[in-house]
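Numbering (the working numbering), first residue to last: 20 to 261. All C-beta atoms, glycine included, are put in the ideal place defined by N, C-alpha and C.
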């Protein structure tokens, strides 16, 4: 079969595939009504449908957008009147979003790929200020893997002593890849050497630092979460990349 035949408009199989993909990406929106801060609403995920809520901000604030569902969801936040979302994330917790007063928002909740079904609850609330606390995790060495648990607002610090220069890969993760981790490395003067939030912003929300070149000395490896707001189990791994 030559190229002209493969891409011919008369190719029934190709046309059917294109038609299927077009239909699969189509969606409708349903008005979920107007929200007020700290209000929790319940909704239903229907394949090919997204639910839209409206919210008008009355003051400058940091807001948390929280979806709870057993299904995979996507949250999109629009400025009213705009066609493209300002924020589009697969996480069910979108925390600490800075918004100005007098802003008309449209918040859209849908299933991942617009194919999920199920139920959800959705809440928009004012971000609570969290003061981070630190705990000592003890000594850690190159080649070690450490498992632990982070509470909201908690950071755990591990001490790394290098007897010579080293190049390291440091990974902070959880089994499901759902904890929004934050990884920091400090020198012995308490200054940050390097930090990492996401492996891939908004997609892989665990943390990794690769090819970190350190000289002989004492360092602190600090594990935490983005803005200290998440909680959950973690695994910290330090590998020799030299």
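Self-check item: Touching by the beta-carbon criterion (3+ pairs, under 8 angstroms), the segment 234 to 252 and the segment 172 to 185
Solution: Taking a cut-off of 8 angstroms on C-beta distances, the segment 234 to 252 touches the segment 172 to 185, as three or more cross pairs fall below it.
Quiz prompt | Buried or exposed by the 16-neighbour rule on C-beta atoms within 10 Å, applied to residue 182 | solution = Residue 182 is exposed by the Cβ-count criterion.
Exercise. Please determine, among 238, 242, 227, the residue with the shortest C-alpha to C-alpha distance to residue 260.
Key: Of all alpha-carbon atoms in 238, 242, 227, the one lying nearest the alpha-carbon of residue 260 is that of 227.
Exercise. Look up residue 84 in the DSSP assignment and say whether it is helix, strand or coil.
Key: Of the three classes helix, strand and coil, the one that applies to residue 84 here is strand, per DSSP.
Quiz item: Where does residue 141 sit, in a helix, a strand or coil, going by DSSP?
Solution: Strand.
Quiz item: Which same chain residues, not among the five before or five after residue 131, have their C-beta less than 6 angstroms away from its C-beta?
Solution: Taken in chain order, the residues that qualify are 91, 93.
Exercise. Rank 111, 231, 196 by C-alpha distance to the C-alpha of residue 184 and give the top, closest one.
Key: Restricting attention to 111, 231, 196, the CA atom closest to the CA of residue 184 is found in 231.
Self-check item: Helix, strand or coil at residue 41 [DSSP, three-state]
Solution: Low local confidence applies: a pLDDT of 46 at residue 41 is under 50, so the model's placement there is unreliable, with the coordinate-based value given in what follows. Of the three classes helix, strand and coil, the one that applies to residue 41 here is helix, per DSSP.
Quiz prompt | Three-way DSSP call (helix, strand, coil) for residue 236 in this model | solution = Strand at residue 236.
Quiz item: Three-state secondary structure (DSSP) at residue 173?
Solution: Residue 173: strand per DSSP, three-state reduction.
Quiz item: Nearest to residue 49 by CA position, among 67, 187, 233, 234, is which residue?
Solution: Looking at the Cα atoms, 67 is the closest of the given residues.
Quiz item: Is there contact here, the segment 200 to 209 with the segment 233 to 241, by at least three beta-carbon pairs under 8 angstroms?
Solution: The answer is yes - the segment 233 to 241 touches the segment 200 to 209, with three or more Cβ pairs under 8 angstroms.
Exercise. For the beta strand (DSSP E) holding residue 123, just list the boundary residues, first then last.
Key: Residues 123 to 130.
Quiz item: Bridge partners of residue 166, per DSSP?
Solution: Within the DSSP bridge table, the entry for residue 166 names 254 as partners.
Quiz item: For residue 135, which option in 160, 203, 62 has the closest C-alpha, if you only look at C-alpha atoms?
Solution: It is 62.
Practice problem: Out of 201, 139, 84, 212, state which residue places its alpha-carbon closest to the alpha-carbon of residue 146. | Solution: Minimum Cα distance to residue 146 is reached at 84.
Quiz item: With 16 other CB atoms within 10 Å as the buried threshold, where does residue 199 fall?
Solution: The residue is buried, with at least 16 neighbouring Cβ atoms inside 10 Å.
Exercise. Please confirm whether residue 188 and residue 219 have their CB atoms less than 8 angstroms apart.
Key: It is not a contact, given that the beta carbons lie outside the stated cut-off.
Quiz item: Count the other CB atoms within 10 Å of the CB of residue 164; is the residue buried (16 or more) or exposed (fewer)?
Solution: In the assembly as shown, residue 164 is an exposed residue. Its beta-carbon has fewer than 16 other beta-carbons within 10 Å.
Quiz item: Helix, strand or coil for residue 207 per DSSP?
Solution: In the structure shown, residue 207 sits in coil (DSSP, three-state: anything other than H, G, I, E or B).
Quiz item: With respect to the beta strand (DSSP E) encompassing residue 71, which residues constitute its N-terminal and C-terminal limits?
Solution: Unbroken beta strand (DSSP E) run through residue 71: 68 to 75.
Self-check item: Cut-off 7 angstroms between Cβ atoms - residues of its own chain near residue 105, not counting five sequence neighbours on either side
Solution: 96, 97, 98.
Quiz item: Is residue 133 helix, strand or coil by DSSP?
Solution: In the structure shown, residue 133 sits in a helix (DSSP, three-state: H, G or I).
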